[in-house]
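Worksheet: the structure to be examined is printed underneath.
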Amino acid sequence: MLTKLISAGDKVELQAVEKLREEAAQENKKIYYSKVYDILSPDRLEVVMPMEKTKLILLPVDSIYDLAFYKEGGVYQCFARIIDRYKSNNVYILVLELTSNLRKYQRREFYRFSCALDMCDRPLVEEEMKAIEQNDSFYLTPGLPLKRSVIVDISGGGLRFVADRQYEEGSLIYCNYELLLDGEDKEYSIVGKVLSTKPADNKKGLFEHRVQYIDLEVEQREEIIRYIFQEERKNRKKEAGF
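With the working numbering, the residue at position 13 of the sequence shown is 21, and numbering never jumps.
Have a look at this one:
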């Protein structure tokens with residue numbers, strides 16, 4: 009499975025899953041970012057040793073990590089043990105051995121994560137829509153009034169939100185919200201296309217909208233997917249009693 013799905017150069021996250029001493033508990037929450045260096049066998053791989061600024065992070069041998077691999081078609085997850093560290097061709101390498109099966113984390117192209125996030129939004133004005141249609145350099149008109157809504161699920165491809173107003177299907181809207189990513193709030197200003205709209209279930213006067221992102225930057229999409237993965241991982245740890 010590893011040799012079929014994961015390739016050299018793929019982005020990978022590592023997070024320790026073993027319980028540490030109380031004074032090291034905070035370090036257990038740390039997420040390290042790296043990339044796959046090589047696939048050695050169906051259950052072993054080499055990963056570039058992570059760095060922070062210019063400092064190598066010497067993750068300990070025999071420790072177990074939760075790995076998340078980011079691919080174009082989704083996120084793959086497994087657990088692995090560090091079995092060796094060395095330097096090869098001036099690259100510092102970690103060798104990891106899988107301790108669980110590699111599984112696709114997303115149930116479909118973009119897994120939808122249930123949530124309750126504040127959002128501000130508005131319809132695009134004519135000049136903004138023309139710029140998008142003509143593939144011109146797009147800009148947002150500053151200072152236009154926004155209204156509040158609530159995101160009820162989010163994915164790397166779009167979102168679903170509830171509001172006290174109804175947008176037309178096919179219309180373009182501006183969405184602004186924040187995600188807690190790596191311990192910091194990050195703001196996202198995104199244009200979306202309304203795919204569907206309907207009265208919200210059991211919520212009189214509210215409407216549910218399903219939105220697809222328009223021309224979302226690759227980096228932003230990866231950040232949204234990473235946010236979803238981190239939140240789901242927190243939920244799994246709570247359920248497991250960590």
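For every residue, glycine included, the Cβ atom is placed at its ideal position computed from N, Cα and C.
ASP209 versus PHE215: straight-line alpha-carbon distance, rounded: As a first step, residue 209 is located in the sequence shown; it is residue number 201 there, counting from the start. As a first step, residue 215 is located in the sequence shown; it is residue number 207 there, counting from the start. Taking C-alpha positions only, ASP209 is separated from PHE215 by approximately 9 Å.
Reduced DSSP category for ASN109 - H, G, I as helix; E, B as strand; rest coil: For the purposes of this step, residue 109 is taken as residue 101 along the sequence shown, with counting starting at 1. Here ASN109 sits in coil by DSSP.
Span separating the alpha-carbon of ARG241 from that of TYR41: Counting from one through the sequence shown, the residue named residue 241 turns up at place 233. Counting from one through the sequence shown, the residue named residue 41 turns up at place 33. So the two alpha carbons sit approximately 16 Å from each other.
Burial state of GLU186 (16 or more Cβ within 10 Å): Position 178 of the sequence shown holds residue 186. Counting Cβ neighbours within 10 Å, GLU186 comes out exposed, since fewer than 16 surround it.
Helix, strand or coil at ALA16 [DSSP, three-state]: Position 8 of the sequence shown, counted from the start, is the residue given in the question as residue 16. Looking at ALA16 - three-state DSSP - the assignment turns out to be coil, as it is neither helix nor strand.
Cβ neighbour criterion (16 or more within 10 Å) applied to GLU21: Looking up residue 21 in the sequence shown gives position 13. The residue in question, GLU21, is buried, as its Cβ has 16 or more Cβ neighbours within 10 Å.
For VAL226, three-class secondary structure by DSSP: Position 218 of the sequence shown, counted from the start, is the residue given in the question as residue 226. Here VAL226 carries a helix assignment [DSSP, helix/strand/coil].
Extent of the continuous alpha helix (DSSP H) run through GLU135: For the purposes of this step, residue 135 is taken as residue 127 along the sequence shown, with counting starting at 1. From DSSP, the alpha helix (DSSP H) with GLU135 extends over 134-141.
Exposure of PRO58, with buried meaning 16 or more beta-carbon neighbours within 10 Å: Within the sequence shown, the letter at position 50 stands for residue 58. PRO58 is buried by the Cβ-count criterion.
Three-pair Cβ contact test at 8 Å for the stretch 40-55 versus the stretch 89-108: Yes: at least three Cβ pairs fall under 8 Å.
Backbone secondary structure at LEU10 - three-state DSSP: Along the sequence shown, one-based indexing puts residue 10 at 2. Looking at LEU10 - three-state DSSP - the assignment turns out to be helix.
Under the three-state DSSP convention, the category ARG89 falls into: Residue 89 sits at position 81 when you count from the first residue of the sequence shown. DSSP places ARG89 within a strand segment (E or B) once states are collapsed to three.
Cβ-Cβ distance between LEU132 and LEU180 below 8 Å: Along the sequence shown, one-based indexing puts residue 132 at 124. Along the sequence shown, one-based indexing puts residue 180 at 172. For LEU132 and LEU180, yes; Cβs fall inside 8 Å.
Alpha carbon of GLN34 to alpha carbon of GLN23, nearest angstrom: Within the sequence shown, the letter at position 26 stands for residue 34. Within the sequence shown, the letter at position 15 stands for residue 23. Confidence at GLN34 is low in this model, with a pLDDT of 43, below 50, so the placement of that residue should be treated as unreliable; the coordinate-derived value is given next. Straight-line spacing of the CA atoms in GLN34 and GLN23 works out to 12 Å.
Sheet register partners of PHE77 (DSSP bridge): As a first step, residue 77 is located in the sequence shown; it is residue number 69 there, counting from the start. For PHE77, which the question treats as bridged, DSSP gives the partners VAL20 and TYR84.
Among LEU67, LYS19 and ALA124, nearest to TYR253 - alpha-carbon criterion: Since the first residue of the chain shown is 9 and the last is 250, residue 253 is not available in this structure.
Extent of the continuous beta strand (DSSP E) to which CYS184 belongs: For this step, residue 184 is matched to residue 176 along the sequence shown. First, the amino acid is wrong: residue 184 is Asn here, not Cys. ASN184 -> beta strand (DSSP E) spans 180-189.
Three-state secondary structure (DSSP) of VAL246: One-based indexing of the sequence shown puts residue 246 at position 238. It is worth fixing the name first, because residue 246 is Lys in this sequence and not Val. Helix, per DSSP.
Where the beta strand (DSSP E) through GLN220 begins and ends: Walking along the sequence shown from the start, residue 220 turns up at place 212. Per DSSP, GLN220 is one residue of the beta strand (DSSP E) stretching across 215-221.
Residue(s) in a DSSP beta bridge with ASP129: In the sequence shown, counting from the first residue as 1, residue 129 sits at position 121. By DSSP's assignment, ASP129 forms a beta bridge with LYS155 and CYS183.
CA-to-CA distance, VAL170 to ARG218, given in whole angstroms: Sequence index remark: in the sequence shown, residue 218 carries index 210 (1-based). Sequence index remark: in the sequence shown, residue 170 carries index 162 (1-based). Approximately 9 Å between the Cα atoms of the pair.
ALA16 classed as buried or exposed, judged by whether at least 16 other C-beta atoms fall within 10 angstroms: Looking up residue 16 in the sequence shown gives position 8. So ALA16 ends up on the exposed side.
The beta strand (DSSP E) enclosing ILE47, as first and last residue numbers: In the sequence shown, counting from the first residue as 1, residue 47 sits at position 39. Element bounds for ILE47: 39-49.
Spatial distance of THR11 from LEU110 (CA atoms): Position 3 of the sequence shown holds residue 11. Position 102 of the sequence shown holds residue 110. Taken atom to atom, the span from the alpha-carbon of THR11 to that of LEU110 is near 11 Å.
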